[in-house]
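Engineer: Before anything else, here's the structure in question.
Residue numbers (our numbering), protein chains in the order written: chain A, 21 to 536; chain B, 21 to 536.
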């Protein structure tokens, strides 16, 4: 996922410490209610499926390695048609009767259906693209998918896409192969939509999902989920009920566009008689946040911001009660929450508050020492986190209006990516089924009202699809976007599932969704 | 010179256009007064000296090429003792009886004396270091000093240091050689101080100049000058009566030093609960200047700022009257002076106002696209131009106090270089002699009350030396600090002197100083 590090960071931030403190969070009431009739829910005895998974183990690993060997990278326009084609082959091979390319103004999406003659139809979201990588930074070749010992996790596969997202997705496909090999039909029909631009913020994904035939297929679904290795290194899982939206925007102040100062960089002595693009940017930026830099101050920014519900506050209070603030702070390298807030207040802000962050900035001379120039250009890269019911489009308009009103209308506002916030009901089928499978296997669960990170779930939770959407899956992996990205194949920790157990969890999840 | 591009830019900005407009500025009264008894002032008939210069032409060029072949670069700690040693040899070779290294806490300086038994002693300032260079960017090898045709200038020498400052300095040395070859003694004794750290803002030059023996030698002098190829491409010269001071300072905001936010870059979603070093920097910077970014707003900044005198305003008015504002604006790539000032008001600001400029800035992710991080550090490189009677030391203290008072005391203030402003009286011997030599040769002159750029002249004009200081020299060159830096050896424009004529001008200048 584009913001995968977020999810990892959040999960770790919240869960490693929960596990470290030995805390198993109390099951929330709705999940408890979903825990009835466990056996029947999972399709009875799964021994034959488990045996099939074992038989197919080498084949499943080979499938993932083949996928990793073909990196599709939208930012580099690398292997995009090839990646979509391999996605189609993988899906057909796993039993999808139909799988085809959906063209967009950007890279192709894939739309596939598996009709199992089941009563219930489940929506799924895949990505076939991966993040860029530099082989020089890797200890094992990023396209080889080599399996290596990596204490304390066990045998892991190292490769670009291993965790984000080919590993979990291939594990889900292995579940379909195993059902077939065990002589079973899938307990649910599946409508699957894949994209190839997740790592560049899904700019054309709506064009895939909003195709009439895709919308029609999705209208039969009750939920959409993406395979995800949800377990922390200690085995606990966090279920996220939503995620903030995110808008990435580049602000560019240039003397050329402004029509003031010198159109080129010029000797700094001229500052005495010429306007500066850098000061123009600094002054414009300064208006975007409160004096301490912590609250957005863009006109109308809070118009659509919904406060946390009592239930959301309760979930946060439960997390706070079971975590060690000191451990979390240590993990994050932090001494103080902003404004010296209490841990609970900080966690409420994390879930509830929109942010205006400067992720990067540059202007003029940035090398060692000095260079006496008056720069003609300044660039700031912002990322804006949004909460329900803010939308990326409305926020873009508000940012532009805010700047224009204050005399900064010349500053270019280039939106480079944008997700709306996404939220899924705690009592939805997806959350109940997911929680039941985790619970059945004894995994400590925590419910997060909202991830501070972001993913394109809003395309499913928002109109016109309007379905619950989230992630499900067991197992562990990490280092998404980083060198030595890994996915645990054979776990050395009994509380963390390897690929084979995770395959079975996907089978259980399909049965749980069918039975709910 | 460190801020050499300034001088060039200023000269070009003021003089190319003056020449383009065909304007020969009226000679100011004091210069006119110095024009009496021209012949005797220059030591009578200089035919034999001129002949010696012609005979030694090849030797003088070779001397400059040898010097260029040994680049001393303080920033790279490259050839520093070797550069000082070569400086000593060049000086001894030119007739200095004494020339020796003066050690400093940084790179060595050189102190030399030429006792001609003359009544008058003249101070000189040399630099033996040059700016860094990348040979790949040059059309001719930067250490070769090749002589190439370069229309419209004529035959020029291309090399690092060609104009800044070895070319003019070697031309001055050629003048001493020519005097000797013509059987003459120098009309003045010379006290010469050279440094090897000019390109890094002369951090230890005071240690050289303030040596007791150096101070004692300087106490016999009436002025200090540096050789400089002052002519514009059209042949006019500008005499600068002073220069602004300059402080280069790096501001660094880091979460580590601040004790807030995360000590490392962290996922941007955490902005909701953590302080940002980048916002901290933006808010701090914003307090340093007025809302439009054009006036310093640092507490007490104007305490020692002296207004322009009526005479200074008059000189500016003369420049303005003789220049084409449209041409100057075109040359600078400018549509509007700040606040839409008139040309005259803009030129008065250029001479009179201190500035706070951001020459560079960087934080977080600066590559293509986005990266959702909350950066742990932000850096801004400022350059502060000072006017009399501001001092670099006082301004540094004021900047620090200003930041501390507003809650930004954690932001590191690293001074990387600093010059006080420098000012020399229009009726000083140096200015009168220089103007007389230019005038004698029919060069259009303009008097600038103060360069907006900077050079370390304050070490001579300030206490304890307290002498007039400036630049003198004819000829032309440009691209200081840039690739293909050049110095005109044989000029194709009769109004611009080549190296031989410029050599004679230095001879005339020494006689003018002796006679004044």
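All C-beta atoms in this analysis are idealised placements derived from N, C-alpha and C, irrespective of residue type, glycine included.
Give the straight-line distance between the Cα atoms of residue 526(A) and residue 195(A), rounded to the nearest whole angstrom.
Structural biologist: Rounded to the nearest angstrom, the two C-alpha atoms are 6 Å apart.
Engineer: Restricting to runs no shorter than 4 residues, where is the alpha helix (DSSP H) found entirely within the stretch 178-251 of chain B?
Structural biologist: Whole alpha helix (DSSP H) segments, 4+ residues: 186-201, 225-229, 232-238.
Engineer: How would you list, in chain order, the residues of chain A whose beta-carbon sits under 8 Å from the beta-carbon of residue 379(B)?
Structural biologist: In chain order: 288, 384, 385, 390, 391, 392, 393, 394, 395.
Engineer: Please report whether the beta-carbon of residue 296(B) lies at a distance below 8 Å from any beta-carbon of chain A.
Structural biologist: Yes, residue 296(B) lies at the interface with chain A (some Cβ there is under 8 Å from its Cβ).
Engineer: Output, in sequence order along the chain, the residues in the stretch 349-361 of chain A whose CB is closer than 8 Å to any CB in chain B.
Structural biologist: Within the stretch 349-361 of chain A, the qualifying residues are 352, 353, 354, 355, 356, 357, 358, 361.
Engineer: Does the beta carbon of residue 293(A) come closer than 8 Å to any beta carbon on chain B?
Structural biologist: Chain B contact via Cβ: present.
Engineer: Given this structure, state the Cα-to-Cα distance separating residue 129(A) from residue 269(A), to the nearest angstrom.
Structural biologist: Cα-Cα distance, rounded: 25 Å.
Engineer: Could you tell me which residues DSSP puts in a beta bridge with residue 316(B)?
Structural biologist: Looking at the DSSP assignment, residue 316(B) forms a beta bridge with 309(B).
Engineer: Return the CA-CA distance between residue 442(A) and residue 460(A), expressed in angstroms with no decimal places.
Structural biologist: C-alpha separation (whole angstroms): 27 Å.
Engineer: Below 7 Å between beta carbons is the criterion; list the residues of the stretch 447-479 of chain A that meet it against any residue of chain B, in chain order.
Structural biologist: Going along the stretch 447-479 of chain A in chain order, one finds 472, 473 with a Cβ nearer than 7 Å to chain B.
Engineer: Residue 121(A) to residue 105(A), Cα distance in whole Å?
Structural biologist: Residue 121(A) and residue 105(A): Cα-Cα distance of roughly 8 Å.
Engineer: What three-state label does DSSP hand residue 525(B) in the structure shown?
Structural biologist: If DSSP states are grouped into helix, strand and coil, residue 525(B) belongs with the helices.
Engineer: Take residue 517(A) and list the residues in its own chain whose beta-carbon comes closer than 7 Å to its own, dropping the five residues that flank it on each side.
Structural biologist: Closer than 7 Å at the Cβ level, and outside the excluded window around residue 517(A), lie 251, 494, 495, 511, 525.
Engineer: Since I believe residue 506(B) is in contact with residue 178(B) (beta carbons under 8 Å), could you give me their beta-carbon distance rounded to a whole number of angstroms?
Structural biologist: Confirmed, Cβ separation roughly 5 Å.
Engineer: Going by C-alpha distance, which of 119(B), 101(B), 436(B), 254(B) is nearest residue 219(B)?
Structural biologist: With distances taken between Cα atoms, residue 219(B) lies closest to 436(B).
Engineer: In the DSSP output, which residue or residues are listed as bridge partners for residue 380(B)?
Structural biologist: Residue 380(B) pairs with 384(A), 401(B).
Engineer: For residue 95(A), count the other beta carbons within 10 Å of its own beta carbon; 16 or more makes it buried, fewer makes it exposed. Which is it?
Structural biologist: The residue is exposed, with fewer than 16 neighbouring Cβ atoms inside 10 Å.
Engineer: Starting from residue 328(A), find everything on chain B with Cβ-Cβ shorter than 9 Å and list it in chain order.
Structural biologist: Within chain B, no residue comes near residue 328(A); the closest Cβ sits about 12 Å away, beyond 9 Å.
Engineer: Output yes or no for whether 8 Å exceeds the beta carbon distance between residue 111(A) and residue 245(A).
Structural biologist: No, the Cβ-Cβ distance between residue 111(A) and residue 245(A) is not below 8 Å.
Engineer: Are the beta-carbon atoms belonging to residue 175(B) and residue 509(B) less than 8 Å from one another?
Structural biologist: Contact flag set, yes.
Engineer: Determine, using beta carbons only, whether residue 409(A) comes closer than 8 Å to chain B.
Structural biologist: Answer no: the Cβ-Cβ gap between residue 409(A) and chain B never drops below 8 Å.
Engineer: Look at residue 473(B) and residue 282(A) and say whether their C-beta atoms are less than 8 Å apart.
Structural biologist: It is not a contact, given that the beta carbons lie outside the stated cut-off.
Engineer: Considering only residues of the same chain and omitting the five flanking positions on each side of residue 114(B), which have a CB-CB separation below 7 Å?
Structural biologist: The residues are 193, 196, 197.
Engineer: Taking Cβ positions only, does residue 442(B) come closer than 8 Å to chain A?
Structural biologist: Answer no: the Cβ-Cβ gap between residue 442(B) and chain A never drops below 8 Å.
Engineer: Since residue 243(A) contacts residue 448(A) with CB under 8 Å, what's their CB separation in whole angstroms?
Structural biologist: Their Cβ separation, rounded to whole angstroms, is 6 Å, which keeps residue 243(A) and residue 448(A) in contact under 8 Å.
Engineer: Taking residue 369(A) as the query, report the chain B residues whose CB atoms sit under 9 Å from its CB, ordered along the chain.
Structural biologist: Within 9 Å Cβ-Cβ: 292, 293.
Engineer: Are there three or more Cβ pairs, one per stretch, closer than 8 Å when the stretch 364-383 of chain B is compared with the stretch 396-416 of chain B?
Structural biologist: Taking 8 Å as the limit for Cβ pairs, the verdict is that the stretch 396-416 of chain B does touch the stretch 364-383 of chain B.
Engineer: Give the residues from the stretch 150-165 of chain A that approach chain B closer than 7 Å (Cβ to any Cβ), ordered along the chain.
Structural biologist: So nothing in the stretch comes that close.
Engineer: Identify the residues that DSSP records as bridge partners of residue 144(A): which are they?
Structural biologist: In DSSP, residue 144(A) forms a bridge with 212(A), 245(A).
Engineer: What's the C-alpha gap between residue 137(B) and residue 144(B)?
Structural biologist: Rounded to the nearest angstrom, the two C-alpha atoms are 17 Å apart.
Engineer: Output yes if chain B places a C-beta closer than 8 Å to the C-beta of residue 118(A); else output no.
Structural biologist: No, residue 118(A) does not count as interfacial toward chain B.
Engineer: Hey, how far is the Cα of residue 501(B) from the Cα of residue 258(B)?
Structural biologist: Rounded to whole angstroms, residue 501(B) to residue 258(B) spans 21 Å at the Cα level.
Engineer: Going by CA-CA distance only, name the one from 149(A), 172(A), 158(A), 190(A) that's closest to residue 78(A).
Structural biologist: Ranking 149(A), 172(A), 158(A), 190(A) by Cα distance to residue 78(A) puts 190(A) first.
Engineer: Look at the Cβ atom of residue 262(A), then the Cβ atom of residue 444(A), and state whether they are nearer than 8 Å.
Structural biologist: In this structure, residue 444(A) lies closer than 8 Å to residue 262(A) by Cβ.
Engineer: Compare the C-beta of residue 406(B) with all C-beta atoms of chain A and state if any pair is closer than 8 Å.
Structural biologist: Output row for residue 406(B): interface = no.
Engineer: How about residue 542(B): is its C-beta nearer than 8 Å to some C-beta of chain A?
Structural biologist: This structure cannot speak to residue 542(B), because chain B is shown only from 21 to 536.
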